[in-house]
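All residue numbers for the sequence shown refer to my numbering, where the first residue is 2 and numbers rise by one. Glycine residues also receive a C-beta, built at the ideal position from the N, C-alpha and C atoms. Some notes on the structure that comes next.
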Amino acid sequence: MTTNSPRQTKQARHAKQAVVLAAGLGTRMRPLTLTRPKPLVEVAGITLLDHALDTLAAHGISHCAVNVHYLADQIETHLSKRGDMAFHISDERQALLDSGGGVAKAHGLLPEQNAPFFLLNADSFWRDRVTPSLATMDRAFDNTVDMLMLVARHGDAVGFDGKGDFFMDDSHRLTRRGNADHAPYVYAGALLIRPELFRNRPKVFSLNTLFDEAITKGRLAGVVLDGLWLHVGTPQAIGEAEIALAAFEQKRSA
Numbered sequence: 002m003t004t005n006s007p008r009q010t011k012q013a014r015h016a017k018q019a020v021v022l023a024a025g026l027g028t029r030m031r032p033l034t035l036t037r038p039k040p041l042v043e044v045a046g047i048t049l050l051d052h053a054l055d056t057l058a059a060h061g062i063s064h065c066a067v068n069v070h071y072l073a074d075q076i077e078t079h080l081s082k083r084g085d086m087a088f089h090i091s092d093e094r095q096a097l098l099d100s101g102g103g104v105a106k107a108h109g110l111l112p113e114q115n116a117p118f119f120l121l122n123a124d125s126f127w128r129d130r131v132t133p134s135l136a137t138m139d140r141a142f143d144n145t146v147d148m149l150m151l152v153a154r155h156g157d158a159v160g161f162d163g164k165g166d167f168f169m170d171d172s173h174r175l176t177r178r179g180n181a182d183h184a185p186y187v188y189a190g191a192l193l194i195r196p197e198l199f200r201n202r203p204k205v206f207s208l209n210t211l212f213d214e215a216i217t218k219g220r221l222a223g224v225v226l227d228g229l230w231l232h233v234g235t236p237q238a239i240g241e242a243e244i245a246l247a248a249f250e251q252k253r254s255a
């Protein structure tokens, strides 16, 4: 029987560091992003950035690197008000480095350069039903994978209208949808990654390069979210997310 995560190892791990991608322009979120960066847009009274950071703080993350570009000063000021972890600002004001280049530069600011780290997007977030997803990912991460990806089923995704991103086999290895009409799993914006993947890379490159390399080697695995994933891409999606979130929380507490 298939479970929600790869085979868990006997030795528990606990990643202490993270990178959060917060440098996007947020053009689809206009007019809200004309005066503030998208990570500071609020859903249910909490900024998108804080939804991500609260999840990391609950997992015990001690150091977090955040990349910034558009209206970067606002994000820096916002982070200065949180005291639950050490923040390292990765400045991309002059030029964006794409997703892979942005992670590589941000990771270079973290104190433990050889330790696996979490990567979260600041334009989506999730709620777990019971077991925290980051804890599940921590336990499942072993020497057979280079990257462990949190994925959501279509039925657990709000604000996503695509055809899906990945297939998963019985050993939880992921492959892309390719030319298929649909795939059952969506990338939920969280990864646990080996830092050596970012060495000797171009200054500007996409995370998709690393995904494809790991897939070719059979070293991209997935953990299926047991909860609700919310992608908030437009102003109209905020209300939809808040309604879905309220219903989820009510059902979970019943």
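Task: LEU175 versus MET148: straight-line alpha-carbon distance, rounded - done: In the sequence shown, the residue the question calls residue 175 occupies position 174. In the sequence shown, the residue the question calls residue 148 occupies position 147. Straight-line Cα distance between these residues: approximately 10 Å.
Task: TYR71 versus PRO38 - alpha carbon distance - done: Position 70 of the sequence shown, counted from the first residue, corresponds to residue 71. Position 37 of the sequence shown, counted from the first residue, corresponds to residue 38. Cα to Cα, TYR71 sits roughly 6 Å from PRO38.
Task: Spatially closest choice to VAL205 from HIS60, LEU229, ALA107, ALA242, by CA coordinates - done: As a first step, residue 205 must be located in the sequence shown, where it is residue number 204. By alpha-carbon distance to VAL205, the top candidate from HIS60, LEU229, ALA107, ALA242 is ALA107.
- [ ] Determine the contact status of ASP139 and HIS52, defining contact as a CB-CB distance below 7 Å.
- [x] Within the sequence shown, the letter at position 138 stands for residue 139. Within the sequence shown, the letter at position 51 stands for residue 52. For the pair ASP139 and HIS52, the CB atoms are not nearer than the 7 Å cut-off.
Open item on the list: For a quick check, are the C-beta atoms of ALA189 and LEU229 less than 7 Å apart?
Closed with: Counting from one through the sequence shown, the residue named residue 189 turns up at place 188. Counting from one through the sequence shown, the residue named residue 229 turns up at place 228. No, the Cβ-Cβ distance between ALA189 and LEU229 is not below 7 Å.
Task: LEU57 versus ASN180 - alpha carbon distance - done: Walking along the sequence shown from the start, residue 57 turns up at place 56. Walking along the sequence shown from the start, residue 180 turns up at place 179. Straight-line Cα distance between these residues: approximately 35 Å.
- [ ] Return helix, strand or coil for LEU246, following the three-state DSSP convention.
- [x] Mapped onto the sequence shown, residue 246 falls at position 245. Three-state DSSP puts LEU246 in a helix.
Task: Where THR10 falls: helix, strand or coil (DSSP) - done: Taking the first residue of the sequence shown as 1, we reach residue 10 at position 9. Low confidence applies to THR10: its pLDDT is 40, below 50, so where it sits in the model is not reliable, and the reading given next is rough at best. Assigned with DSSP and collapsed to three states, THR10 falls in coil, not helix or strand.
Open item on the list: So, with DSSP's three-state summary, where would you put MET86?
Closed with: For this step, residue 86 is matched to residue 85 along the sequence shown. In the structure shown, MET86 adopts coil according to DSSP, grouped into three states.
Task: Collapsed DSSP secondary structure at GLU269 in the structure displayed - done: For residue 269 there is no data in the structure shown, the boundaries of the chain being 2 and 255.
Open item on the list: Taking 7 Å as the limit between beta carbons, can you name the residues of its chain near GLY260, skipping five residues before and five after?
Closed with: Only positions 2 to 255 of the chain appear in the structure, and residue 260 is not among them; the question remains open.
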